[in-house]
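Notes to accompany the following structure.
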Ligand code: SAM
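Numbering (my numbering), first residue to last: 2 to 290.
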């Protein structure tokens with residue numbers, strides 16, 4: 002006769018762990034209290050797990066995209082830096098970003114009149130609305146428009162012009178690979194206005210050095226100004242994440258205007274962080290030479 006082993010968490014719930022392998026031999030392990038959703042869409046495997054430390058986490062193809070506890074860092078930093086540099090960011094394009102967190106932050110700026118999000122996978126949007134309503138809160142805003150398409154194809158074909166493009170892509174594997182290629186960067190450059198800014202998430206300098214080198218080489222072949230900035234994100238590989246500020250005209254520090262935002266209630270971004278995020282350690286600077 003089998004016997005149910007009791008634990009403080011009750012049967013079937015103890016000792017369940019999720020590990021994301023950041024690179025060969027290194028991973029982040031989180032204790033899981035429940036698996037809330039698992040599915041395979043046309044593009045990727047999608048899981049939602051509830052973790053003890055970070056709350057609910059959205060996991061795509063085995064990689065953490067957001068957790069309830071630290072999503073604010075990534076979403077504030079991919080959005081507010083450029084929004085405090087561009088004087089008139091009326092027309093914003095987000096590539097990827099299916100969870101809606103970047104859209105939510107962009108829409109905090111009243112100067113933004115239109116925010117279009119081009120996300121390849123409709124299921125990510127649906128899962129976020131269902132399990133992460135606080136992250137997905139921007140989808141109902143009348144200024145928001147969601148298009149389901151490949152972001153690279155969209156920028157190659159659109160006739161529209163944008164003030165700001167934010168590339169909130171997943172890692173450079175599977176459908177997101179094209180979003181790290183020079184062709185995509187050139188097409189993004191072409192659909193930006195003459196004073197447009199392009200920001201991209203550019204992986205972990207600590208764990209993805211080769212990728213980071215290639216990404217900045219590709220960006221520098223297209224944009225006259227390319228500057229990396231950093232943020233501390235506990236659940237991302239190495240806990241250190243990089244973003245590229247790429248621009249046709251504006252400099253992220255010389256043209257920084259704290260008064261553009263008039264934003265209260267942010268949990269990471271502020272004027273000191275804006276300035277300090279562009280200070281790079283020497284081993285990171287070396288990746289950009
Ligand atoms: N914060 C995240 C990170 O770096 O871990 C990014 C999260 S966001 C959910 C990334 C989104 O990019 C996903 O929803 C994915 O479906 C979408 N995506 C991947 N490739 C894409 C493509 N070629 N065009 C548009 N969206 C894409």
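Using N, Cα and C, we set each Cβ at its ideal position, and we do this for glycine too. Only a predicted model underlies this, so the values are computations on that prediction, with no experimental measurement involved.
Residue 285, DSSP secondary structure in three states
Here residue 285 sits in helix by DSSP.
With H, G and I counted as helix, E and B as strand and the rest as coil, what does DSSP make of residue 207?
The answer is coil: DSSP assigns residue 207 none of H, G, I, E or B.
Taking only heavy atoms of ligand 1 into account, decide whether any of them is closer than 7 Å to the Cβ of residue 171.
Residue 171: yes, Cβ under 7 Å from ligand 1.
Where residue 6 falls: helix, strand or coil (DSSP)
Any reading at residue 6 must be qualified, since the residue scores a pLDDT of 44, below 50, and its modelled position is unreliable; no value is offered.
Using a threshold of 8 Å, state whether the C-beta atoms of residue 200 and residue 155 are closer than that.
Not in contact: residue 200 and residue 155 (Cβ atoms no closer than 8 Å).
Does the distance from the C-beta atom of residue 164 to that of residue 92 stay below 8 Å?
For residue 164 and residue 92, yes; Cβs fall inside 8 Å.
According to DSSP, simplified to helix, strand and coil, what is residue 79?
Note: residue 79 maps to helix in three-state DSSP.
What number of angstroms, rounded off, separates the C-alpha of residue 5 from the C-alpha of residue 16?
Bear in mind that a pLDDT of 42 at residue 5, under 50, signals an unreliable position, so the number given afterwards is only what the model happens to contain. So the two alpha carbons sit approximately 14 Å from each other.
Shortest alpha-carbon distance to residue 33 belongs to which of 46, 43, 50, 41?
Nearest of 46, 43, 50, 41 to residue 33, Cα basis: 50.
Beta-carbon separation (whole angstroms), residue 289 vs residue 229, contact threshold 8 Å
Beta-carbon to beta-carbon, residue 289 and residue 229 are separated by about 6 Å, close enough to satisfy the 8 Å threshold.
Quick check: residue 234 and residue 109, are their CB atoms within less than 8 Å of each other?
No, these two residues do not count as a Cβ contact at 8 Å.
Restricting to runs no shorter than 3 residues, where is the beta strand (DSSP E) found entirely within the stretch 57 to 106?
The DSSP assignment places 64 to 68, 92 to 97 as complete runs of the beta strand (DSSP E) inside the stretch 57 to 106, in order along the chain (cut-off: 3 residues).
Going by alpha carbons, who is nearest to residue 223 out of 257, 181, 85?
Measuring from the Cα of residue 223, the nearest candidate turns out to be 181.
Through-space distance from residue 210 to residue 149, alpha-carbon basis:
If I take the Cα positions, the gap works out to 31 Å.
Per DSSP, which residues does residue 46 bridge with? Please list them.
DSSP links residue 46 through a beta bridge to 41.
Closest residue to residue 85 among 106, 260, 131, 58 (Cα-Cα distance)
Closest by alpha carbon: 260.
So residue 126 and residue 120 are in contact, right, with Cβ under 8 Å, and what is the actual spacing, rounded?
Going by Cβ atoms, the distance from residue 126 to residue 120 rounds to 6 Å, so yes, they are a contact pair.
Is it true that the CB of residue 138 sits closer than 8 Å to the CB of residue 107?
Contact: no.
Considering only C-alpha positions, which residue in the set 89, 266, 253, 122 is nearest to residue 177?
When each option's Cα is compared against that of residue 177, the closest is 122.
Beta-carbon proximity list for residue 241, same chain, < 7 Å, skipping 5 on both sides:
Cβ neighbours of residue 241 beyond the five flanking positions: 205, 206, 207, 231, 233.
Measure from the alpha carbon of residue 60 to the alpha carbon of each residue in 72, 71, 70, 46, then state which is nearest.
The residue with the shortest Cα to Cα distance from residue 60 is 46.
How many Å lie between residue 89 and residue 194 at the Cα?
Rounded to whole angstroms, the separation of the alpha carbons of residue 194 and residue 89 is 11 Å.
Per DSSP, what kind of secondary structure is residue 117 in: helix, strand or coil?
Look at residue 117 here: in three-state DSSP terms it is strand.
If you reduce the DSSP assignment to three classes, tell me which class residue 171 lands in.
Correct three-state label for residue 171: coil.
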